[in-house]
């Protein structure tokens, strides 16, 4: 596999070179965090799509396709539709606010206490997003390069930490565009056709797989609804996604390029689900479906091309890992650190330092966790269960109060944690009960507390 390894090393070196170039463009605090708020349609579409489609949506959707058939695409569909809704309906007011973090919306609508409480939840979410894709990188590189998991994880994750630290959002944007091209060509125009050909074509899939594999609902309506509650709404309020919105030049860029990115996500999900279906035909007795993606690359492609697909896999994972990493460090430096420093705002040097430290934390957590879908579900359960209700209320309900928001955040977050511990990470109960309790507490406590003197209009 010498040629494959050379291709992967060239790719990694290219990412570091782009990170260095991004460092030269990141001359101010705003450049580092939101790329100067000046991205046009092409850069914006590529970075938005690549941010969403990471390790869990790639490796995870192939696994879902292997187990459930075409209905495995619903995970990516929920993400893609969330991207479309965000860019069509929320991007305009967000751009007008000229902010850096989701939690700044809560401070403007409620008070600084609400911002601090929500920042803790957002930090947990962003860290787990980074962990999820770092895990996926380790899983794929371990299978493809036949090295220990910790070594694979530190190699892939280390590259992400370095280029994210030195160049911030400009490095992420530049690397995202290259990653978008590589994974589109690699997965949708090389791996998918090769897998279908090796499996005998679409007719062979129809013959060899059960009829349920071709139903859009085999995965189960309860799972489909849960995906929408977690991932669709999670996209609407995630710091990693909002931070990409803040990079757009204007609302037209968001509406047009963002919608295109959302459609791309749905098509990407279909491609990954079909790769999983072909894998089931070619490897029906695979012990661990999580390895279906890596095993297809390793077993079905020639040397050299295999290296390109390894780079495509890394591209999908590095983009989301870097987004989660920068989102976590931005939450720290913009929302939590100023409180500890007496209100003093962060500098470019502080931003870089905390991105590095956050990256080391992500690598440490990733070494202790072992399932990409579970890690992603944990992240979105905490985010949606704790923050969806008070954030939507901040924008659309004038009677909402700070007491109601904090009650909703704390009870929703605690409920999600309780039911994940009680019923497991893959259960539907954490998101159902956390949203229900968060909504009830938000409304009841808001109505029971003093009406705001003058609600800030964020819509």
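Residue numbers (the numbering used here): 20 to 478. Note that the Cβ used here is the ideal one computed from N, Cα and C, for glycine as well.
Quick one: does the C-beta of residue i sit closer than 7 Å to a heavy atom of the ligand FAD?
i: residue 36; result: Ligands in the displayed structure: none, and consequently the ligand FAD is not present.
Judging by CA-CA distance, which residue of the options is the nearest neighbour of residue i?
i: residue 197; options: 443, 47, 64; result: 64
i: residue 71; options: 318, 285, 449; result: 285
i: residue 458; options: 61, 427, 156; result: 427
i: residue 340; options: 356, 265, 187, 406; result: 187
i: residue 269; options: 106, 469, 83; result: 106
i: residue 343; options: 357, 378, 364, 58; result: 378
i: residue 409; options: 463, 382, 359, 372; result: 463
i: residue 365; options: 44, 173, 52; result: 52
i: residue 25; options: 130, 452, 39, 328; result: 328
i: residue 129; options: 447, 455, 411; result: 411
i: residue 402; options: 120, 39, 144, 112; result: 144
i: residue 257; options: 311, 440, 395; result: 395
i: residue 88; options: 460, 417, 429, 291; result: 291
i: residue 73; options: 85, 356, 230, 147; result: 147
i: residue 229; options: 125, 85, 306; result: 85
i: residue 185; options: 452, 460, 367, 416; result: 367
i: residue 235; options: 69, 275, 289; result: 289
i: residue 165; options: 101, 306, 21; result: 21
i: residue 537; options: 182, 90, 419; result: Shown here, the chain extends from 20 to 478; a query on residue 537 therefore has no answer.
i: residue 419; options: 468, 387, 435; result: 468
i: residue 274; options: 470, 443, 471, 112; result: 112
i: residue 193; options: 205, 206, 179, 407; result: 179
i: residue 296; options: 83, 102, 441; result: 83
i: residue 62; options: 372, 434, 461, 279; result: 279
i: residue 216; options: 372, 315, 38; result: 315
i: residue 110; options: 455, 414, 441; result: 414
i: residue 251; options: 127, 276, 103, 346; result: 103
i: residue 50; options: 190, 151, 35; result: 190
i: residue 406; options: 441, 213, 461; result: 461
i: residue 483; options: 208, 80, 442; result: As shown, the chain starts at 20 and ends at 478. That puts residue 483 outside it, with no answer to give.
Can you name the start and end residues of the alpha helix (DSSP H) that residue i belongs to?
i: residue 72; result: Taken as a continuous stretch (DSSP letters only), residue 72 belongs to no alpha helix (DSSP H), as it is neither H nor E.
i: residue 107; result: Looking at the DSSP string, residue 107 is not in any alpha helix (DSSP H), and its letter there is neither H nor E.
i: residue 439; result: 421-442
i: residue 314; result: 311-319
i: residue 378; result: 367-385
i: residue 466; result: 448-467
i: residue 357; result: 356-359
i: residue 131; result: 131-164
i: residue 351; result: Taken as a continuous stretch (DSSP letters only), residue 351 belongs to no alpha helix (DSSP H), as it is neither H nor E.
i: residue 128; result: 122-128
Bridge partners for residue i per DSSP, in chain order?
i: residue 327; result: In the DSSP output, where bridge partners are listed per residue, residue 327 has none listed.
Using beta carbons (cut-off 8 Å, strictly below), is residue i in contact with chain D?
i: residue 454; result: Any reference to chain D falls outside this structure, which holds one protein chain only.
Segment contact flag, the segment 322-337 with the segment 134-141, C-beta cutoff 8 Å, min 3 pairs: Three or more beta-carbon pairs separated by less than 8 Å are not found between the segment 322-337 and the segment 134-141, which leaves the two stretches without contact.
Minimum length 4: unbroken alpha helix (DSSP H) runs contained in the segment 20-94: The DSSP assignment places complete alpha helix (DSSP H) segments of no fewer than 4 residues inside the segment 20-94 at 21-44, 48-53, 60-71, 80-87, in order along the chain.
Completely contained alpha helix (DSSP H) runs for the segment 238-271, where each covers 4 or more residues: Counting only runs of 4 or more, we get 240-246, 252-256, 258-264.
At least 3 beta-carbon pairs within less than 8 Å: the segment 136-156 vs the segment 288-301: Contact between the segment 136-156 and the segment 288-301 is absent, because fewer than three Cβ pairs lie under 8 Å.
Segments assigned alpha helix (DSSP H), at least 4 residues, entirely inside the segment 185-242: As far as the segment 185-242 is concerned, its whole alpha helix (DSSP H) runs of at least 4 residues are 211-218, 221-227.
Validate contact between the segment 109-119 and the segment 262-279 using beta carbons, cut 8 Å, 3 pairs: Contact annotation: the segment 109-119 touches the segment 262-279, with at least three C-beta pairs closer than 8 Å.
The segment 434-452 / the segment 158-176 touching (three or more Cβ pairs under 8 Å): The answer is no - the segment 158-176 does not touch the segment 434-452, with fewer than three Cβ pairs under 8 Å.
Touch test, the segment 236-246 against the segment 89-104, Cβ-Cβ under 8 Å, three pairs minimum: As far as the Cβ criterion goes, the segment 236-246 touches the segment 89-104, which means the pair count is three or higher.
Any 3 or more C-beta pairs closer than 8 Å across the segment 26-33 and the segment 353-360: Verdict: no, contact absent.
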